[in-house]
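What follows is one structure encoded as structure tokens, with my remarks underneath.
In the working numbering, the protein residues as written are 3 to 247.
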């Protein structure tokens, strides 16, 4: 049975998505979970607690900076872990320490916590020129909106093939990978994203991978939601990834 963790923190969002710390209780309503100790106004200590307290399972945040510490934990246990991220943004614009939700990919790669060839980004469409240079210089595999919608099935085949190379797979889902029509409750809305149906297609295939060890779901903000649409989609994402197959 999959273990659930909740991280009630928006500290890594740099004030851009305050309120996402309220999401885990709503998304995991009725689910048994382990609560990670969040230290108010101290992202560094919170990150240390995340690293020390999480393990393999499903982590619900919170902002996207939690992926940094969670993946570090996985990387301590396995020799060749991979990171697959669904996100509207590449999250590699800066190199802040401790890393925030805008640069954790940069830090994980620069600190060699993850091999650059083991990172796959899916659904990115709001890309800063600095980030594009980082992706190109490091030859990171990414699928922007143009590549993605040419043939989603073919793209998924490539992702599945690459993901099988890893001895452990970490799957991270930023809710803003979805078009705002399907997920209006988040911090940085970017039109042109995946539909819920398209995301579920990817997840139904990825959940079949035997090396899938850790999952996170981040950036859902109930304060910005409309009629509970985003929280509802988030709950369905949890169901899609935890159904027995």
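Glycine included, each C-beta is placed from N, C-alpha and C at the ideal position.
Proximity to residue i [Cα-Cα], best of the options
i: residue 108; options: 79, 228, 69; result: 69
i: residue 21; options: 198, 29, 11; result: 11
i: residue 196; options: 38, 223, 126; result: 126
i: residue 131; options: 232, 92, 101, 219; result: 92
i: residue 188; options: 77, 74, 73, 89; result: 89
i: residue 161; options: 151, 169, 145; result: 145
i: residue 37; options: 207, 230, 6; result: 6
i: residue 227; options: 239, 200, 185; result: 185
i: residue 25; options: 79, 243, 231; result: 231
i: residue 119; options: 4, 225, 141; result: 141
i: residue 149; options: 163, 101, 194, 105; result: 194
i: residue 204; options: 124, 129, 219; result: 124
i: residue 207; options: 224, 239, 192; result: 239
i: residue 202; options: 46, 225, 241, 229; result: 241
i: residue 102; options: 200, 80, 44; result: 44
i: residue 56; options: 169, 229, 167, 218; result: 218
i: residue 139; options: 163, 164, 111, 159; result: 111
i: residue 128; options: 122, 104, 32, 167; result: 104
i: residue 97; options: 159, 67, 151, 78; result: 67
i: residue 3; options: 27, 33, 19, 17; result: 33
i: residue 172; options: 243, 42, 137; result: 243
i: residue 169; options: 42, 27, 191, 79; result: 79
i: residue 167; options: 225, 157, 81; result: 81
i: residue 192; options: 27, 147, 135; result: 147
Chain-order list of residues whose beta-carbon lies under 7 Å from that of residue i (same chain, five-residue window excluded)
i: residue 247; result: Note that residue 247 has pLDDT 47, beneath the 50 cutoff, so the model's placement of it is unreliable and the number below is only indicative. Result list for residue 247: 209, 210, in chain order.
i: residue 155; result: none
i: residue 222; result: 22, 25, 29, 177, 187, 188, 232, 233, 236
i: residue 77; result: 83, 115, 116
i: residue 133; result: 92, 94, 95
i: residue 72; result: 52, 56, 61, 216, 218
i: residue 136; result: 94, 108
Cβ-based burial, residue i [other Cβ within 10 Å; buried from 16]
i: residue 15; result: buried
i: residue 74; result: buried
i: residue 245; result: exposed
i: residue 153; result: exposed
i: residue 65; result: buried
i: residue 46; result: exposed
i: residue 183; result: exposed
i: residue 151; result: exposed
i: residue 200; result: buried
i: residue 19; result: buried
Cβ shell of residue i (< 8 Å), same chain only, five flanking positions each side left out
i: residue 40; result: 9, 10, 11, 13, 23, 48, 51
i: residue 164; result: 84, 122, 143
Same chain, Cβ closer than 6 Å to residue i, five either side skipped, listed in chain order
i: residue 181; result: 195
i: residue 17; result: none
i: residue 100; result: 45, 46, 49
For this session: Determine contact between the region 206 to 218 and the region 113 to 124, defined as no fewer than three beta-carbon pairs at a distance below 8 Å.
Result: As far as the Cβ criterion goes, the region 206 to 218 does not touch the region 113 to 124, which means the pair count is below three.
Exercise. Three or more C-beta pairs closer than 8 Å, one from the region 85 to 98 and one from the region 45 to 64: is that the case here?
Worked result: no
Exercise. Is there contact here, the region 229 to 238 with the region 164 to 183, by at least three beta-carbon pairs under 8 Å?
Worked result: Segment contact: the region 229 to 238 against the region 164 to 183, three or more CB-CB distances shorter than 8 Å; contact assigned.
For this session: Can you check the region 43 to 90 for any beta strand (DSSP E) of at least 3 residues that lies completely inside it and give the ranges in chain order?
Result: 59 to 63, 83 to 88
Problem set entry | Start-end ranges of the alpha helix (DSSP H) lying completely within the region 119 to 194, minimum 4 residues | With a minimum length of 4 residues, the continuous alpha helix (DSSP H) runs that stay inside the region 119 to 194 are 131 to 139, 147 to 150, 154 to 165.
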